[in-house]
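Notes for the one structure printed next.
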Amino acid sequence: MSVGGSQAHAWIRHRNRALVLNIIRRGVRVSRTDIARDSHLSLPTISQITQALMLEGMIEEIAVGPSRGGRRPVLLAIRPDYGWVVGMKVFAETIDVAVTNYLGELIASREVQTSTNEIQHVVATMAEIVKAFSLSETRFPGNCLGVGVAVPGTVSQSNGLIRNCPLGWREVNFRELLHSALGLPVMVDNDVNILAQGHLLFGHAQGRQNVIVVTLGRGFGLGIIIHGEVYRGTDGAAAEVGHIPWRPTPIRCECGRNDCIENFVTDRAALLHYRELTGVTEPLTIEGLRALCGQGESAAVKVFEAIGAEVAKAIAILVRTFAPEVIILSGEGLGAGPALTETIAQKWRQYCPEESYASVQWILDSWDNFHWARSAVSLVFDELTFPEVFRSLRPGTAHAKEGGIR
Ligand SMILES: [Zn+2]
Numbered sequence: 101m102s103v104g105g106s107q108a109h110a111w112i113r114h115r116n117r118a119l120v121l122n123i124i125r126r127g128v129r130v131s132r133t134d135i136a137r138d139s140h141l142s143l144p145t146i147s148q149i150t151q152a153l154m155l156e157g158m159i160e161e162i163a164v165g166p167s168r169g170g171r172r173p174v175l176l177a178i179r180p181d182y183g184w185v186v187g188m189k190v191f192a193e194t195i196d197v198a199v200t201n202y203l204g205e206l207i208a209s210r211e212v213q214t215s216t217n218e219i220q221h222v223v224a225t226m227a228e229i230v231k232a233f234s235l236s237e238t239r240f241p242g243n244c245l246g247v248g249v250a251v252p253g254t255v256s257q258s259n260g261l262i263r264n265c266p267l268g269w270r271e272v273n274f275r276e277l278l279h280s281a282l283g284l285p286v287m288v289d290n291d292v293n294i295l296a297q298g299h300l301l302f303g304h305a306q307g308r309q310n311v312i313v314v315t316l317g318r319g320f321g322l323g324i325i326i327h328g329e330v331y332r333g334t335d336g337a338a339a340e341v342g343h344i345p346w347r348p349t350p351i352r353c354e355c356g357r358n359d360c361i362e363n364f365v366t367d368r369a370a371l372l373h374y375r376e377l378t379g380v381t382e383p384l385t386i387e388g389l390r391a392l393c394g395q396g397e398s399a400a401v402k403v404f405e406a407i408g409a410e411v412a413k414a415i416a417i418l419v420r421t422f423a424p425e426v427i428i429l430s431g432e433g434l435g436a437g438p439a440l441t442e443t444i445a446q447k448w449r450q451y452c453p454e455e456s457y458a459s460v461q462w463i464l465d466s467w468d469n470f471h472w473a474r475s476a477v478s479l480v481f482d483e484l485t486f487p488e489v490f491r492s493l494r495p496g497t498a499h500a501k502e503g504g505i506r
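Residue numbers (the numbering used here): 101 to 506.
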């Protein structure tokens, strides 16, 4: 694709706009001089961008900061009441819903049961949820700006196509279906990519360049941030780390193979291992097993230490491949506590020498039930600032392939 001068300018304009807006979001209250320092953009360019953002209502001048010798700087902040955004995470029998203001602060959340995973039913349920919020919630500021949806599996985020999802959805244009039902902007992505995107906007990856996000729980997931952007690979199929070949087992993974790493590290693997060790046949939930581990019950501790050892090896491979600044360990699986998390933290280091990877920072994510759904709003924020239509132009790529941008 040839990227002409006007398209390249549009790309640069939107990219700079996103850069400025994200610095304001990160800094909470920042001056134009602060933005110049962090963005390396000129003050006239920053003034032009902030003027436009103020006219659109996304940011506001909120206070006068302390003087540093010259004129006292005016501080800029995100306007929380610019509008509200809905984030949703789809599970097998439920949909988690989070509503935030434009600052990303949670203003409502709920869990909704779904009677079937049939796609039309799930889309209709989501549309009802958003319409009910629009009608009944007078405390929400402004208008609904859009809906972000997190689904497990392979998603082509640029066009909203779900290629392959464990809920049984294949080649479904989810974005189009939900957009037709709602008439609002809709963004869809793989759930762990969304978690990584959320960390870039609100969390531990703010201002970072290279980060890996590893999730434990129902699945074993990975989000990759390279040069400050989530890396999705061709057709969104990158980072499917749960199904990398590990060792053969007698059990079959949901993908049909018997040697995936998920057979060793997921909730299902933990329950199977515990039954094998103890011979217990009574019903046991994963929450129950995590609680036993927290109480120090020896077989439960052994199960999560074994998982920790496998995850540590996988993380060592990822660290040696990507050399991240930060590893974020996340997911509901962290509820097993130190038997799991400390085993991982200690063991991955054994495979990655200090002299090469001393600066890698290790972060345990604080987890709550609406973490996934809340992260999904970041897709909408991103689309509002740097729309996919411009993002996908990537003049840098055109430059390499076609000899420059006019
Ligand atoms: Zn598999």
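We put the beta carbon where it would ideally sit given N, CA and C, even for glycine.
- Remark: C-beta atoms of residue 282 and residue 230 approach each other more closely than 7 Å.
- With 6 Å as the limit, the residues whose C-beta approaches a heavy atom of ligand 1 more closely than that are 343, 353, 355, 357, 360, 362, in chain order.
- Distance from the Cα of residue 297 is smallest, within the candidate group 493, 111, 122, for 122.
- By the Cβ test, the stretch 375-383 is not in contact with the stretch 283-302, since fewer than three Cβ pairs between them sit closer than 8 Å.
- Taking 3 residues as the shortest admissible run, the stretch 276-314 contains the following complete beta strand (DSSP E) segments, listed from N- to C-terminal end: 286-290.
- Within the stretch 133-198, the runs of beta strand (DSSP E) at least 3 residues long that lie entirely inside it are, in chain order, 159-164, 174-178, 183-190.
- The residue among 460, 171, 464 with its C-alpha nearest the C-alpha of residue 442 is 464.
- Inter-residue distance for residue 259 and residue 413 is about 34 Å (C-alpha atoms, whole angstroms).
- Non-local beta-carbon contacts of residue 306 in its own chain, meaning distances under 7 Å to residues more than five positions away in sequence, involve 126, 300 in chain order.
- Taking a 10 Å sphere around the C-beta of residue 170, we find fewer than 16 other C-beta atoms and assign the residue as exposed.
- Runs of the beta strand (DSSP E) spanning 3 or more residues and lying entirely within the stretch 324-412 do not occur at all.
- DSSP places residue 261 inside the beta strand (DSSP E), whose first and last residues are 261-264.
- The continuous alpha helix (DSSP H) containing residue 122 extends over residues 105-127.
- In the three-state scheme derived from DSSP, where H, G and I count as helix and E and B as strand, residue 257 is classed as coil.
- Check the Cα spacing between residue 160 and each of 143, 132, 136: the tightest is with 132.
- Closest option to residue 341, judged by alpha-carbon separation, among 347, 120, 432, 360: 360.
- In the same chain as residue 254, and ignoring 5 residues on each side of it, the C-beta atoms closer than 6 Å to its own belong to 263, 264, 336, 337, in chain order.
- By the neighbour-count definition (other C-beta atoms within 10 Å, threshold 16), residue 461 is an exposed residue.
- Assignment of residue 481 by DSSP, reduced to helix, strand and coil, places it in the helix class.
- Residues of the same chain with a CB within less than 7 Å of the CB of residue 355, apart from the 5 flanking positions on each side, are 343 in chain order.
- Beta-carbon to beta-carbon, residue 185 and residue 245 are separated by about 5 Å, close enough to satisfy the 8 Å threshold.
- In the three-state reduction of the DSSP assignment, residue 434 falls in the helix class.
- For residue 248 against residue 477, the beta-carbon gap comes to about 5 Å, under 8 Å, which counts as contact.
- Look at residue 269 here: in three-state DSSP terms it is coil, with no helix or strand label.
- From the listed residues 142, 112, 150, 113, the smallest Cα separation to residue 130 is found for 150.
- Between residue 195 and residue 189, the alpha-carbon positions lie close to 6 Å from each other.
- Assigned with DSSP and collapsed to three states, residue 441 falls in helix.
- By the neighbour-count criterion, in which a residue is buried when 16 or more other Cβ atoms sit within 10 angstroms of its Cβ, residue 385 is exposed.
- Contact annotation, residue 425 with residue 459: C-beta distance approximately 7 Å; criterion of less than 8 Å satisfied.
- The beta-carbon separation of residue 203 and residue 180, rounded to 4 Å, stays under the 8 Å limit for a contact.
- For residue 247, the uninterrupted beta strand (DSSP E) run begins and ends at 243-251, by DSSP.
- Under the three-state reduction of DSSP, residue 425 is assigned to coil, being neither helix nor strand.
- When DSSP states are grouped into helix, strand and coil, residue 462 belongs to the strand group.
- Under the three-state reduction of DSSP, residue 209 is assigned to strand.
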